[in-house]
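Residue numbers (this note's numbering): 291 to 842.
All C-beta atoms in this analysis are idealised placements derived from N, C-alpha and C, irrespective of residue type, glycine included.
Since we're looking at a predicted model, the values are computed, not measured.
One structure is given here, and the rest of the page talks about it.
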RNA sequence: GCGCCCGUAGCUCAGCUGGAUAGAGCAACGGACUUCUAAUCCGUAGGCCGCAGGUUCGAAUCCUGCCGGGCGCGCCA
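Written as structure tokens, this is what we have:
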């Protein structure tokens, strides 16, 4: 906001300098205006002199001094200019400019931080995509929160977001699930059948079987096909999965199933197209895709000698469907164990004539759970994993969201159950939410004491001159740019770090200064700051799907 | 063996995509409640940014090679 205004100013001074013959125009677009690391280095800093010096082999400090002289003339934004270090030009913005942020925030209200940079681009975010063979585990939980937070950030920045969940219901995995349910069913109606060797052992399989007994008694005991059992399992488990996701505030626009790709002929079309382009061949009874043409080590089987496709084929067909549905940007969120499938899918869509550039894949690392300081051992096979539902029971939706968002996807995530569940000071979720509650509390007090939070015409924001007040104003001013960049970089964790920082500044300020005091004008000014801060907290929390409690 | 990710304070992790003197939260230690919520604050201590080279005005960040950890490398998904 202010940074972009300053950038325009710097650009103008740069051009002025070119016209005056102080330097050439070569550095255009190469220098930056940034917020420096240390507070004694001004509010903003530009490396323009260093860039020019590098290009023209000149003395950076001298160039910096000349550039500073040009900036000095601009007094509406700038309070001070200084040359520092190897040749940085540090710029201090006038307090009055920061103080105007309060008006800006209140004018925008709920829209503060939201933007239209997305330009209505249509984006699909595919995430979770767990096959309905059992309840969601904590690994899926991370993906669910990550994907939803990314979706929310994109929505906040003017994208049209479509959330989609893809699952395989045509393959072996779901067949085994059906067989597992049938075995439990037969066991329950007194006709024990051998349980499949690689069957699903979880207690939930019995639950599904019990539902079948309740509905049909022993009427299904002579059914040989696995189909009815599989369908039932899929339906029941999906109902549970959707309910779990809903507990976290996640709703998908569509559950896309693999089987539909067979039914509408998409699978056959993909094979035919690839074959027509000479990218498919038969060997040892299987059908191979020439992935080696796309920079891979070797070709891959897409149809097994048994006639059954491998997972690759439907994955490619599914991605072709995404392209056909005319999205501008396709975001896939996968666990890091799916890394091997990505090149195949991208090779597939490239081969079919689509721009693989439109696909962004985010791989997230695994989650380890910590309880009593020790790692919780989990095994999918034995169904000893901790489910998302159990996690939500234990720590609640906000803490789960917060903890899953706290780390960038590339990092493995250690989820400390005791910390997330603790209602105490070391829990960062409460630290941030308490910030918002505290602001609400101050405003409640103001109301009770009859200190009206005046229309901003009565408020003299120039009274907000304390260092920590200016720091709070600066932090608020940085919020829109933060949201924009977190959205475009697909990095929700940055919002969390921002909120923790803002909360820290607020709590510190609160302990140092009284908002409602003896001086009515000062109280008014500070209350206007509190109102603006509340807006930023609320917007920040809401944009990433967290609640903003008014009391705690 | 090959590919991707990670390695930063005792622990868990940030570090705005190459900037200036390295950051936060926990844990440790010492302080602050007659006050708008102490779910808070203030202070102290804590570092060979895995190691070694290279690129340049400048590297935690980029390139190469090692070391250590995770995930993959199927006619499983």
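Subject >> Residues that DSSP places opposite residue 521 in a beta bridge >> reply: Walking along the first chain from the start, residue 521 turns up at place 231. Answer is none; residue 521 lacks a bridge partner.
**OP:** Give me the Cα-Cα distance between residue 662 and residue 719, rounded to the nearest whole angstrom.
**Re:** Taking the first residue of the first chain as position 1, residue 662 is located at position 372. Taking the first residue of the first chain as position 1, residue 719 is located at position 429. Between the alpha carbons of residue 662 and residue 719 lies a gap of roughly 19 Å.
Original post:
Within the chosen definition, does the segment 801-817 reach the segment 751-771 through at least 3 CB pairs nearer than 8 Å?
Top reply: These segments touch.
Subject >> Length-filtered (3 minimum) beta strand (DSSP E) runs lying within the segment 614-654 >> reply: Unbroken beta strand (DSSP E) runs of no fewer than 3 residues, entirely contained in the segment 614-654, are found at 619-625, 649-654, following chain order.
**OP:** With a threshold of 16 other CB atoms inside 10 Å of the CB of residue 781, please say whether the residue is buried or exposed.
**Re:** Here residue 781 corresponds to residue number 491 of the first chain, with the count starting at 1. Counting the other Cβ atoms within 10 Å of the Cβ of residue 781 gives 16 or more, which makes it buried.
Original post:
Going by C-alpha distance, which of 567, 604, 839, 449 is nearest residue 825?
Top reply: As a working note, residue 825 is residue 535 in the first chain. Residue 825 has its Cα closest to that of 839, out of 567, 604, 839, 449.
Original post:
What span of residues does the beta strand (DSSP E) with residue 545 cover, start to end?
Top reply: Here residue 545 refers to the residue found at position 255 when the first chain is read from its first residue. Residues 544-547.
Subject >> Whole runs of the alpha helix (DSSP H) within the segment 559-618, excluding any shorter than 4 residues >> reply: If we require 4 residues or more, the alpha helix (DSSP H) runs fully inside the segment 559-618 come out as 602-614.
Subject >> Span separating the alpha-carbon of residue 304 from that of residue 820 >> reply: Sequence index remark: in the first chain, residue 304 carries index 14 (1-based). Sequence index remark: in the first chain, residue 820 carries index 530 (1-based). Answer to the nearest angstrom: the Cα atoms are 38 Å apart.
Original post:
How would you call residue 439, buried or exposed, if buried means at least 16 neighbouring beta carbons within 10 angstroms?
Top reply: Within the first chain, numbered from 1, the residue matching residue 439 stands at position 149. Looking at its Cβ environment, which holds 16 or more other Cβ atoms inside 10 Å, residue 439 is buried.
**OP:** Using only alpha-carbon positions, find the residue among 357, 348, 329 that is nearest to residue 307.
**Re:** For the purposes of this step, residue 307 is identified with residue 17 of the first chain, where counting begins at 1. In terms of CA proximity to residue 307, 357 leads the group 357, 348, 329.
Original post:
In terms of residues, what are the limits of the beta strand (DSSP E) holding residue 784?
Top reply: Against the first chain, residue 784 aligns to sequence position 494. It is not in any beta strand (DSSP E) - residue 784 instead sits in the alpha helix (DSSP H) that spans 783-802.
**OP:** Quick one: grab the DSSP three-state call for residue 462.
**Re:** Numbered from 1 along the first chain, position 172 holds the residue referred to as residue 462. Here residue 462 sits in helix by DSSP.
Subject >> Span of the alpha helix (DSSP H) around residue 385 >> reply: Stepping through the first chain from its first residue, residue 385 is reached at position 95. Boundaries of the alpha helix (DSSP H) around residue 385: 385-389.
Original post:
Considering only C-alpha positions, which residue in the set 342, 723, 452, 502 is nearest to residue 543?
Top reply: For the purposes of this step, residue 543 is taken as the residue at position 253 of the first chain. The shortest C-alpha to C-alpha distance from residue 543 to any of 342, 723, 452, 502 is the one to 452.
**OP:** May I ask you to report which of helix, strand or coil DSSP gives residue 697?
**Re:** Numbered from 1 along the first chain, position 407 holds the residue referred to as residue 697. Reduced to three states, the DSSP call for residue 697 is coil.
**OP:** Classify residue 414 as helix, strand or coil using the three-state DSSP reduction.
**Re:** As a first step, residue 414 must be located in the first chain, where it is residue number 124. Residue state for residue 414 is assigned as strand, using DSSP reduced to three classes.
**OP:** Give the DSSP bridge partners of residue 380, in chain order.
**Re:** Residue 380 sits at position 90 when you count from the first residue of the first chain. Paired residue(s): 335, 372.
Subject >> Coarse secondary structure for residue 323, derived from DSSP in three states >> reply: For the purposes of this step, residue 323 is taken as the residue at position 33 of the first chain. For residue 323, the three-state secondary structure derived from DSSP is strand.
Subject >> Backbone secondary structure at residue 490 - three-state DSSP >> reply: In the first chain, counting from the first residue as 1, residue 490 sits at position 200. Residue 490: coil per DSSP, three-state reduction.
Original post:
Would the beta-carbon of residue 361 fall within 8 Å of that of residue 377?
Top reply: As a first step, residue 361 must be located in the first chain, where it is residue number 71. As a first step, residue 377 must be located in the first chain, where it is residue number 87. In this structure, residue 377 does not lie closer than 8 Å to residue 361 by Cβ.
Original post:
In the DSSP assignment, what residue or residues form a beta bridge with residue 703?
Top reply: In the first chain, residue 703 corresponds to position 413, counting from 1. Per DSSP, 657.
Subject >> Alpha-carbon to alpha-carbon, residue 612 and residue 548 >> reply: Taking the first residue of the first chain as 1, we reach residue 548 at position 258. Taking the first residue of the first chain as 1, we reach residue 612 at position 322. In this structure, the CA atom of residue 548 is about 13 Å from the CA atom of residue 612.
Original post:
Tell me which same chain residues have a C-beta within less than 7 Å of the C-beta of residue 815, skipping the five on either side of it?
Top reply: Here residue 815 corresponds to residue number 525 of the first chain, with the count starting at 1. If we look at residue 815 and ignore the five residues flanking it on each side, its Cβ neighbours are 749, 750, 751, 753, 754.
Subject >> Selected residue, minimal CA-CA separation from residue 798, among 641, 698, 724, 432 >> reply: The residue labelled residue 798 in the question sits at position 508 within the first chain. The candidate whose alpha carbon is nearest that of residue 798 is 724.
Subject >> Distance, residue 534 Cα to residue 852 Cα >> reply: Past the edges of the chain, shown from 291 to 842, lies residue 852, and the structure says nothing about it.
**OP:** Assess, as a yes-or-no matter, whether the segment 475-483 is touched by the segment 562-574 under the definition of 3 or more beta carbon pairs within less than 8 Å.
**Re:** The segment 562-574 vs the segment 475-483: no contact.
**OP:** Quick one: grab the DSSP three-state call for residue 341.
**Re:** Counting from one through the first chain, the residue named residue 341 turns up at place 51. Here residue 341 sits in helix by DSSP.
Original post:
Where does residue 451 sit, in a helix, a strand or coil, going by DSSP?
Top reply: Working through the first chain from its first residue, we reach residue 451 at position 161. In the three-state reduction of the DSSP assignment, residue 451 falls in the strand class.
Original post:
What distance in whole Å lies between the Cβ atoms of residue 676 and residue 659, which are believed to be in contact at a cut-off of 8 Å?
Top reply: For the purposes of this step, residue 659 is taken as the residue at position 369 of the first chain. For the purposes of this step, residue 676 is taken as the residue at position 386 of the first chain. Residue 659 to residue 676, Cβ: 6 Å. Contact.
**OP:** Compute the distance between the beta-carbons of residue 396 and residue 742, then report whether it is under 8 Å.
**Re:** Numbered from its first residue, the first chain carries residue 396 at position 106. Numbered from its first residue, the first chain carries residue 742 at position 452. No, Cβ-Cβ distance for residue 396 and residue 742 is not below 8 Å.
Original post:
Does the pairing of the segment 340-349 with the segment 313-329 give three or more beta-carbon distances under 8 Å?
Top reply: With the cut-off at 8 Å, the segment 340-349 and the segment 313-329 touch.
Subject >> Reduced DSSP secondary structure (H/G/I, E/B, other) of residue 677 >> reply: Numbered from 1 along the first chain, position 387 holds the residue referred to as residue 677. If DSSP states are grouped into helix, strand and coil, residue 677 belongs with the strands.
Subject >> Exposed unless 16 or more other CB atoms sit within 10 angstroms - verdict on residue 309 >> reply: Locating residue 309 in the first chain gives position 19, where the first residue counts as 1. A residue is called buried once 16 or more other Cβ atoms fall within 10 Å of its Cβ, and residue 309, having fewer, is exposed.
Original post:
If you run the structure through DSSP and keep just helix, strand and coil, what is residue 764?
Top reply: As a position in the first chain, residue 764 is number 474, starting the count at 1. When secondary structure is reduced to three states using DSSP, residue 764 falls in the helix class.
Original post:
Rounded to a whole number of angstroms, what is the C-alpha to C-alpha distance between residue 384 and residue 368?
Top reply: As a first step, residue 384 must be located in the first chain, where it is residue number 94. As a first step, residue 368 must be located in the first chain, where it is residue number 78. Rounded to the nearest angstrom, the two C-alpha atoms are 5 Å apart.
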